[in-house]
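**Student:** Okay, here's the structure, questions in a sec.
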Amino acid sequence: MQTKLQPLPAANQAILSVRNLSLHYFQRTVFERRIPVTALTNVSLDLIRGKTLALVGPSGCGKSSLARCLVLLEKPSFGEILYGGRNLLELKSKELKEVRRDIHLIFQDSASALNPGMTIEEVLLEPLEIHEPTLGKKNRFMRLVSACEQAALSSKWLTRRPDELSGGQRQRVAIARSLVARPKILILDEALSALDLSTQSQIANLLLELQREHSLTCLFITHDLRLARMLAHDVVAMKAGRISDSPPPSLLLTPDIHAKPTPVGVVSIAKDTENIRLQEMPSVNE
Ligand SMILES: Nc1ncnc2c1ncn2[C@@H]1O[C@H](COP(=O)(O)OP(=O)(O)O)[C@@H](O)[C@H]1O
Ligand SMILES: [Mg+2]
Numbered sequence: 009m010q011t012k013l014q015p016l017p018a019a020n021q022a023i024l025s026v027r028n029l030s031l032h033y034f035q036r037t038v039f040e041r042r043i044p045v046t047a048l049t050n051v052s053l054d055l056i057r058g059k060t061l062a063l064v065g066p067s068g069c070g071k072s073s074l075a076r077c078l079v080l081l082e083k084p085s086f087g088e089i090l091y092g093g094r095n096l097l098e099l100k101s102k103e104l105k106e107v108r109r110d111i112h113l114i115f116q117d118s119a120s121a122l123n124p125g126m127t128i129e130e131v132l133l134e135p136l137e138i139h140e141p142t143l144g145k146k147n148r149f150m151r152l153v154s155a156c157e158q159a160a161l162s163s164k165w166l167t168r169r170p171d172e173l174s175g176g177q178r179q180r181v182a183i184a185r186s187l188v189a190r191p192k193i194l195i196l197d198e199a200l201s202a203l204d205l206s207t208q209s210q211i212a213n214l215l216l217e218l219q220r221e222h223s224l225t226c227l228f229i230t231h232d233l234r235l236a237r238m239l240a241h242d243v244v245a246m247k248a249g250r251i252s253d254s255p256p257p258s259l260l261l262t263p264d265i266h267a268k269p270t271p272v273g274v275v276s277i278a279k280d281t282e283n284i285r286l287q288e289m290p291s292v293n294e
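The numbering used here applies: residue 9 is where the sequence shown begins, and numbers increase by one.
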């Protein structure tokens with residue numbers, strides 16, 4: 009029998025916890041031998057309800073692998089993903105539908121995954137058909153309108169097909185498609201990286217608004233510290249598949265902030281710039 013997930017936790021509590029997650033891939037060589045590649049080693053972190061955690065680190069350090077594990081596109085070799093009081097890695101496929109509605113991944117190339125044969129309206133309504141098939145026509149339309157408003161999508165686009173829109177417009181459609189099902193956790197894996205600066209700021213503002221109004225929880229994977237500073241409450245850095253004990257130098261905070269207790273590898277980013285100054289450094293990878 010399918011058991012319901014438990015109610016959402018109170019503010020400032022973890023909505024999702026990753027515990028000791030390890031992931032190995034097996035890469036085939038020319039001689040058909042399978043060589044194990046370690047992508048994640050003993051990764052633990054918490055997503056706090058209604059907050060954004062930025063995940064930064066150099067290319068190949070395992071950020072996307074972690075994101076894919078959280079939406080169960082990869083099966084970790086070891087560890088737990090705790091959500092609603094249960095370990096997602098132990099759920100049966102029938103029980104995963106609710107989780108798939110609650111936790112969404114948007115990646116850099118999400119726009120390219122939009123079905124080219126569908127109109128934007130069909131693309132946006134599809135998640136509702138999957139996750140809320142009993143929703144009436146009128147409610148469905150209202151949800152569509154509100155997701156379009158949230159993602160600043162023009163109603164003119166609804167009758168168009170994905171290849172009639174620009175890359176930035178398509179990525180906004182991909183974001184609206186995620187929002188229409190009202191996920192509780194949004195994982196953005198370099199989702200804004202390919203967009204121009206003004207679209208980036210527009211979507212960043214949209215995410216901040218959703219967080220204020222709907223307590224959306226975000227894992228924001230990025231190499232762009234400007235965006236991380238704009239959006240994130242905390243930052244965690246990864247290096248070679250592990251959570252790095254030392255935060256990137258660019259995120260070092262002034263001494264008064266270091267006085268605040270923060271978990272290993274996590275740095276609080278303040279929205280209140282009067283109280284907190286981040287040292288200026290251009291890139292995580294430097
Ligand atoms: N599907 C896959 N098969 C084999 N190895 C992979 C696969 N995906 C990623 N990797 C390897 O896992 C490591 C972490 O990759 P990834 O999670 O994509 O890092 P990041 O997102 O931080 O750039 C890299 O060494 C990468 O080559
Ligand atoms: Mg990646």
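No residue lacks a Cβ here, since even glycine has one placed at the ideal position from N, Cα and C.
Here the structure is a predicted model, which means the values were calculated and not measured.
Would you check if the region 128–142 and the region 168–176 touch, i.e. whether three or more CB-CB distances between them fall below 8 Å?
**Tutor:** Put simply, the region 168–176 touches the region 128–142. At least three CB pairs are less than 8 Å apart.
**Student:** To the nearest whole angstrom, what separates the beta carbons of residue 55 and residue 227, a pair I think is in contact under 8 Å?
**Tutor:** 6 Å
**Student:** Can you tell me whether residue 67 sits near ligand 1, meaning its C-beta is under 7 Å from at least one heavy atom of the ligand?
**Tutor:** yes
**Student:** Pull the bridge partners of residue 36 from the DSSP assignment, please.
**Tutor:** 42
**Student:** Whose CA, out of 74, 192, 154, 157, lies closest to the CA of residue 109?
**Tutor:** 192
**Student:** In the DSSP assignment, find the beta strand (DSSP E) that holds residue 164 and state where it starts and stops.
**Tutor:** For residue 164, there is no enclosing beta strand (DSSP E), as DSSP gives it neither H nor E.
**Student:** Would you call the region 89–101 in contact with the region 151–171, where contact means no fewer than 3 C-beta pairs closer than 8 Å?
**Tutor:** no
**Student:** Just to confirm, does residue 117 get its C-beta within under 7 Å of one of the non-hydrogen atoms of ligand 2?
**Tutor:** no
**Student:** Check the DSSP bridge columns for residue 207 and list the partner residues they point to.
**Tutor:** As far as DSSP is concerned, residue 207 takes part in no beta bridge.
**Student:** Flag residue 72 as yes when its Cβ comes closer than 7 Å to any non-hydrogen atom of ligand 3, and as no otherwise.
**Tutor:** Among the ligands present in this structure, namely ligand 1 and ligand 2, ligand 3 is not found.
**Student:** Taking the continuous alpha helix (DSSP H) assigned at residue 110, which residues delimit it?
**Tutor:** Residue 110 -> alpha helix (DSSP H) spans 104–110.
**Student:** Check the C-beta distance from residue 51 over to residue 74 and give it rounded, since I have them as a contact under 8 Å.
**Tutor:** Their Cβ separation, rounded to whole angstroms, is 6 Å, which keeps residue 51 and residue 74 in contact under 8 Å.
**Student:** Please determine whether the Cβ atom of residue 134 lies at a distance below 7 Å from any heavy atom of ligand 2.
**Tutor:** no
**Student:** Residue 116 and residue 30 - do their beta-carbons sit closer together than 8 Å?
**Tutor:** no
**Student:** Please check the pair residue 119 and residue 158, which I expect to be a contact at CB under 8 Å, by giving their CB distance rounded to whole angstroms.
**Tutor:** Contact flag wrong, Cβ pair sits at about 17 Å.
**Student:** What is the residue span of the beta strand (DSSP E) that residue 77 lies within?
**Tutor:** Where residue 77 is concerned, there is no enclosing beta strand (DSSP E), although the alpha helix (DSSP H) it sits in stretches over 71–78.
**Student:** Using DSSP with H/G/I as helix, E/B as strand and the rest coil, what is residue 246?
**Tutor:** strand
**Student:** Output the distance between the C-alpha atoms of residue 241 and residue 37, rounded to the nearest integer angstrom.
**Tutor:** 42 Å
**Student:** May I ask whether a heavy atom of ligand 1 can be found less than 7 Å away from the beta carbon of residue 79?
**Tutor:** no
**Student:** CB-CB under 8 Å to residue 217, same chain, minus the five flanking residues each way: which ones, in chain order?
**Tutor:** 158
**Student:** Taking residue 82 as the reference, give the member of 177, 239, 33, 121 with the closest Cα.
**Tutor:** With distances taken between CA atoms, residue 82 lies nearest to 33 out of 177, 239, 33, 121.
**Student:** What is the DSSP secondary structure of residue 94, counted as helix, strand or coil?
**Tutor:** strand
**Student:** Select from 203, 133, 153, 177 the residue whose C-alpha is nearest the C-alpha of residue 235.
**Tutor:** 203
**Student:** Taking 7 Å as the cut-off, is the CB of residue 243 close to at least one heavy atom of ligand 1?
**Tutor:** no
**Student:** So what does residue 188 bridge to, in DSSP terms?
**Tutor:** Per DSSP, none; premise fails for residue 188.
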